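Colleague: For what it's worth, our numbering labels the leading residue of the sequence shown as 50, then goes sequentially.
Even glycine gets a Cβ: it sits at the ideal position worked out from N, Cα and C.
Being a predicted model, the structure only gives us computed values, none of them experimental.
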Amino acid sequence: MYEFLTFYHSIFRWLVLLSLIYSIYRACKGYLSQSSFSRTDNAIRHWTATIAHLQLVIGMVLYTQSPIVKYFWHNFNEAVENLDSLFFGLLHIVLMLLAIVILTIGSSLAKRQPTDQEKFKTMLVWFSISLLIILIAIPWPFSPIANRPYFR
Ligand code: HEM
Numbered sequence: 050m051y052e053f054l055t056f057y058h059s060i061f062r063w064l065v066l067l068s069l070i071y072s073i074y075r076a077c078k079g080y081l082s083q084s085s086f087s088r089t090d091n092a093i094r095h096w097t098a099t100i101a102h103l104q105l106v107i108g109m110v111l112y113t114q115s116p117i118v119k120y121f122w123h124n125f126n127e128a129v130e131n132l133d134s135l136f137f138g139l140l141h142i143v144l145m146l147l148a149i150v151i152l153t154i155g156s157s158l159a160k161r162q163p164t165d166q167e168k169f170k171t172m173l174v175w176f177s178i179s180l181l182i183i184l185i186a187i188p189w190p191f192s193p194i195a196n197r198p199y200f201r
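1. Using a Cβ-Cβ cut-off of 8 Å (strictly less than) and excluding sequence neighbours within five positions of Q166, which residues of its own chain qualify?
2. Would you say the beta carbon of T89 comes nearer than 7 Å to a heavy atom of the ligand HEM?
3. Does the Cβ of W122 have 16 or more other Cβ atoms within 10 Å, making it buried, or fewer, making it exposed?
4. May I ask you to report which of helix, strand or coil DSSP gives F56?
5. Suppose the cutoff is 8 Å on Cβ atoms and the five residues either side in sequence are ignored; what does the same chain contact list for Y51 look like?
6. Look up W189 in the DSSP assignment and say whether it is helix, strand or coil.
7. Count the other CB atoms, across all protein chains shown, that sit within 10 Å of the CB of H141; report buried if there are 16 or more and exposed otherwise.
8. Buried or exposed: which applies to T171, given that a residue is buried once 16 or more other Cβ atoms fall within 10 Å of its Cβ?
9. Please state the DSSP three-state secondary structure of R197.
10. Just to check, is the beta-carbon of P193 closer than 7 Å to a non-hydrogen atom of the ligand HEM?
11. So, for L158: in the same chain, excluding its five sequence neighbours on each side, which residues have a beta-carbon less than 8 Å away from its beta-carbon?
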């Protein structure tokens with residue numbers, strides 16, 4: 050179960066990143082060229098948020114199964130000194146939750162904007178902030194805090 054969840058959570062990160070980057074690209078292009086906010090743009094906005102929500106669910110289940118997280122909460126005083134367990138026990142979840150809340154707010158605000166230009170601009174700003182936080186909170190193989198492989 051744990052290996053299965055880690056595998057999907059790791060692979061799913063690429064879908065989260067690709068959908069977010071593509072949404073930001075569409076929003077930027079639409080805003081700069083003053084295009085109309087098409088049904089496709091709206092579907093991309095919706096699916097980007099949904100993909101992030103699925104990753105959130107996988108992450109939450111993984112959180113209950115992870116031996117690193119268990120070690121963190123059972124040996125709190127000693128575990129906060131260890132960067133890897135501090136990262137997965139606290140930092141990763143706090144930053145990712147923040148990023149997904151920002152993405153969700155951005156998505157629903159964009160939907161409610163009165164003009165197409167404002168829809169693109171709202172999506173561009175909120176989704177970019179969310180992407181930045183996600184990029185910081187991913188345990189990249191080159192990260193000095195906690196590193197995991199690109200693919201499991
Ligand atoms: C956009 C959101 C997220 C992304 C892109 C993401 C990405 C990742 C990646 C790439 C890993 C390393 C996987 C590996 O070991 O190969 C990881 C680990 C982990 N993630 Fe996330 N994550 C996200 C959200 C969350 C959330 C919201 C939670 C908890 C509620 C969570 C809990 C965990 C846990 C517990 C691990 C470590 C598992 C372990 O090694 O025991 N993640 N995440």
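Modeller: To lay it out plainly:
1. As a first step, residue 166 must be located in the sequence shown, where it is residue number 117. Once the five neighbours on either side are set aside, the close Cβ partners of Q166 are Y80, Q83.
2. If you number the sequence shown from 1, residue 89 lands on position 40. No - the ligand HEM has no heavy atom lying nearer than 7 Å to the Cβ of T89.
3. As a first step, residue 122 is located in the sequence shown; it is residue number 73 there, counting from the start. Exposed, by the Cβ-count rule.
4. Working through the sequence shown from its first residue, we reach residue 56 at position 7. Helix.
5. Taking the first residue of the sequence shown as 1, we reach residue 51 at position 2. So the list reads L111, Q114, S115, P116, once near-sequence residues are dropped.
6. By one-based count along the sequence shown, residue 189 stands at place 140. Residue state, collapsed to three classes: coil.
7. Position 92 of the sequence shown, counted from the start, is the residue given in the question as residue 141. Looking at its Cβ environment, which holds 16 or more other Cβ atoms inside 10 Å, H141 is buried.
8. In the sequence shown, the residue the question calls residue 171 occupies position 122. The residue in question, T171, is buried, as its Cβ has 16 or more Cβ neighbours within 10 Å.
9. The count along the sequence shown starts at 1 and reaches residue 197 at position 148. If DSSP states are grouped into helix, strand and coil, R197 belongs with coil.
10. The count along the sequence shown starts at 1 and reaches residue 193 at position 144. No, the ligand HEM has no heavy atom inside 7 Å of this Cβ.
11. In the sequence shown, the residue the question calls residue 158 occupies position 109. Cβ contact annotation for L158 (same chain, cutoff 8 Å, sequence separation greater than five): T171, W175, in chain order.
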